[in-house]
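Residue numbers (my numbering), protein chains in the order written: chain A, 18 to 267; chain B, 26 to 424.
In this text, a Cβ means the ideal position worked out from N, Cα and C, and glycines have one as well.
Just so it is clear, the structure is predicted and the values come from calculations on it, not from any experiment.
#1: As a quick exercise: from 298/B, 225/B, 340/B, pick the residue whose alpha carbon is nearest that of residue 120/B.
#2: Report yes or no: do the segment 216-234 of chain A and the segment 184-193 of chain A share at least 3 C-beta pairs separated by less than 8 Å?
#3: Indicate the three-state DSSP secondary structure (helix, strand or coil) for residue 127/B in the structure shown.
#4: Closer than 7 Å by C-beta to residue 33/A: which residues in its own chain qualify, once you throw out the five before and the five after it? Chain order, please.
#5: Can you give me the start and stop residues for the alpha helix (DSSP H) that residue 186/B sits inside?
#6: Just the Cα atoms here: how many angstroms apart are residue 66/A and residue 55/B?
#7: Pull up the distance between the alpha-carbon of residue 408/B and that of residue 385/B, whole angstroms please.
#8: Please check the pair residue 393/B and residue 64/B, which I expect to be a contact at CB under 8 Å, by giving their CB distance rounded to whole angstroms.
#9: Residue 91/B bridges to which residues according to DSSP?
#10: In three-state terms, what does DSSP make of residue 196/A?
#11: Please state whether the Cβ-Cβ distance between residue 193/B and residue 233/B is less than 9 Å.
#12: Using C-beta distances below 6 Å, list every residue in its chain close to residue 212/B, excluding the 5 sequence neighbours before and after it, in chain order.
#13: With a threshold of 6 Å on Cβ separation, who are the neighbours of residue 100/A within its own chain once the five nearest residues in sequence on each side are excluded?
#14: Rounded to whole angstroms, what's the CA-CA distance from residue 210/B to residue 61/B? Just pull it up for me.
#15: Take every Cβ of the segment 138-150 of chain B, pair it with every Cβ of the segment 175-195 of chain B, and state whether three or more of those distances are shorter than 8 Å.
#16: What did DSSP end up calling residue 194/B once you bin it into helix, strand or coil?
#17: By the criterion of Cβ-Cβ separation under 7 Å, what are the contact partners of residue 31/B in chain A?
#18: What is the DSSP secondary structure of residue 53/A, counted as helix, strand or coil?
#19: Anyone know if the C-beta pair for residue 31/B and residue 376/B falls short of 9 Å?
#20: Contact between the segment 170-187 of chain A and the segment 101-118 of chain A: three or more CB pairs below 8 Å?
#21: Any Cβ of chain B within less than 9 Å of the Cβ of residue 135/A?
#22: Residues of chain B with a CB under 7 Å from the CB of residue 170/A: which are they?
#23: Using CA atoms only, rank isn't needed, just tell me which of 397/B, 258/B, 66/B, 282/B is closest to residue 382/B.
#24: From residue 297/B to residue 118/A, what distance separates their C-alpha atoms?
#25: Does residue 247/B have its Cβ less than 9 Å from a Cβ in chain A?
#26: Just how far apart, CA to CA, sit residue 285/B and residue 77/B?
#27: I need the straight-line Cα distance from residue 196/A to residue 326/B, nearest angstrom please.
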């Protein structure tokens, strides 16, 4: 196996049963390989199964067929307990909504994955503080979610996703609930963290502009995942010099 | 502190109020009140049992030995009783029936007592309402004296020193024999005080000589002696010749009735605890609903199913532990107040006591505590179980 491959999804199919209707096949033989340090955007129309694909990769949902190999291990052969451990240690999730716990401070929310893993509290507190500082919320450690703006809450959620130093960060419309300026700030933050830490990243987004900044872009249409040509890309016969390159990618 | 306790601490003591935190304490109050009620009711039931036991053992003694046949084995019984280390004293009695006549009629059980030894078994000195002037000094055997219970004496409007007639049936003939009331006692059991009259054993024996009354022996045990052990040893010594009955066996019907009543009340009142614990279920269901997205994200972040289960079970356990603890303290306080500051308000003729008797028994507390905890934990498992069966994504998809 290639040492550079972090996750390999092969032949993923996902079918949902719908009451009164026949089964709906959302994913049809999807193959995707994520390299260490990769950044991948998945775009597509609403309802095409982008989030489903992300959830299958993130082991939140089992595929109807196919397998997900993470560093050589078929994750869907794990027990529920080991799967929980795997998600805790190897994956970070950022959703469209922050889902922070309202009674807890920003610092405590960020610490939560480490607490669930029964990590040392003092060390967890220190790391959570450093992460909050990194996402620009140094002065807001003790604020509860209700005392934070939408952008600040999403920054806390990002810090929380990075708490266990995951190898793969999965984001699902993470800026979808923010105004354009705040959304751009949050995106820049994630981009910066990705560049600094080398954490591989797979993002589902509607925003084609943001997607164009990822190193690879895939479009999901009718359950089929296809790579998108880079921005300004022309068929090789027309412009062989630009093949595989993007100007502002990370 | 584990992660679950860390989360629970915030749920229970949110820094700026919170419906769930408030709801938790309402649940605790519900469980505490029902536990306190259960404790007080069981203490009253136990108290009545205690009164019953105390009164009957005073009257009937701890053990009664009765020979199987009319054969004279008094000597053997006396030897067996004397040889038993746990026996403090014993006294012979004989029983028959008659009617006491004076300003009315009272049907009575006539108990012939050996008044030289009866005081060693029955604490007459504590029981007199009108004490016999000659009590403690042997009367001539032929003297026809009689002791009546207070309610019977009141009914017949007699006092110590008065004469009454005792009607006895001797075969077909009826005889009326005059007796002088020399003492009026109050044993504390209304029925008993109304139905029993004591006279000299020899006199009773003479009155019913034709029938040959069988003797019985009332036995008082030494303090600390195990009644079961002593009864068993005596039964062994007198095997085939006499029956040995503990006081509880003589009144097994009444005691079983009280015990069944207590058990039923325990079960019924545990339902009350269950109803209070229903608060926990509704609270946890609300918690599960309000926090379903946070909890789903936590599961996505690696919270294991057992941790989620613990989160809910510990909430139920917490409500149970604090509720039971506070309830027991409250129940204890109520019992203390009842015991020390309770006015007399019960009709003695109905209840044999004028105040509610209370007896807090350790095993009752154990049953109450375990019952409350088990109910709280079981009820908290319901929402926990429904939540862990739900996949985290199902919740997040609802957004």
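For this structure:
#1: When only C-alpha atoms are compared, the closest one is 225/B.
#2: Because the criterion of three Cβ pairs below 8 Å is met, the segment 216-234 of chain A and the segment 184-193 of chain A touch.
#3: Residue 127/B: coil per DSSP, three-state reduction.
#4: Excluding residues within five positions, the ones whose Cβ falls inside 7 Å are 40, 41, 43.
#5: Note, residue 186/B: premise wrong, no alpha helix (DSSP H); not H, not E.
#6: Looking at the two C-alpha atoms, the distance is approximately 48 Å.
#7: Cα to Cα, the separation comes out at about 35 Å.
#8: By a beta-carbon distance limit of 8 Å, residue 393/B contacts residue 64/B. Their separation comes to about 6 Å.
#9: Bridge partners of residue 91/B: 268/B.
#10: Coil.
#11: Cβ distance < 9 Å, so residue 193/B and residue 233/B count as in contact.
#12: Taken in chain order, the residues that qualify are 84, 152, 218.
#13: Taking residue 100/A as the centre and dropping the five residues before and after it, the same chain places the C-beta of 76 closer than 6 Å to its C-beta, in chain order.
#14: For the pair residue 210/B and residue 61/B, the Cα-to-Cα distance works out to about 38 Å.
#15: Per the Cβ contact rule, the segment 138-150 of chain B is not in contact with the segment 175-195 of chain B (fewer than 3 Cβ pairs under 8 Å).
#16: Here residue 194/B sits in strand by DSSP.
#17: Neighbours of residue 31/B on chain A, chain order: 132.
#18: Assignment of residue 53/A by DSSP, reduced to helix, strand and coil, places it in the coil class.
#19: Here residue 31/B is not near residue 376/B, since their CB atoms are 9 Å or more apart.
#20: Yes: at least three Cβ pairs fall under 8 Å.
#21: Taking 9 Å as the threshold, the shortest C-beta distance from residue 135/A to chain B falls below it.
#22: Against residue 170/A, chain B offers no close residue; the least beta-carbon distance is about 13 Å (beta-carbon pairs closer than 7 Å).
#23: Of the listed residues, the one whose Cα sits closest to residue 382/B is 66/B.
#24: Their Cα atoms are separated by approximately 34 Å.
#25: Under the Cβ distance rule, residue 247/B does not count among the residues neighbouring chain A, no pair being separated by less than 9 Å.
#26: Distance between the alpha carbons of residue 285/B and residue 77/B is about 15 Å.
#27: Pairing residue 196/A with residue 326/B, the inter-Cα distance amounts to about 26 Å.
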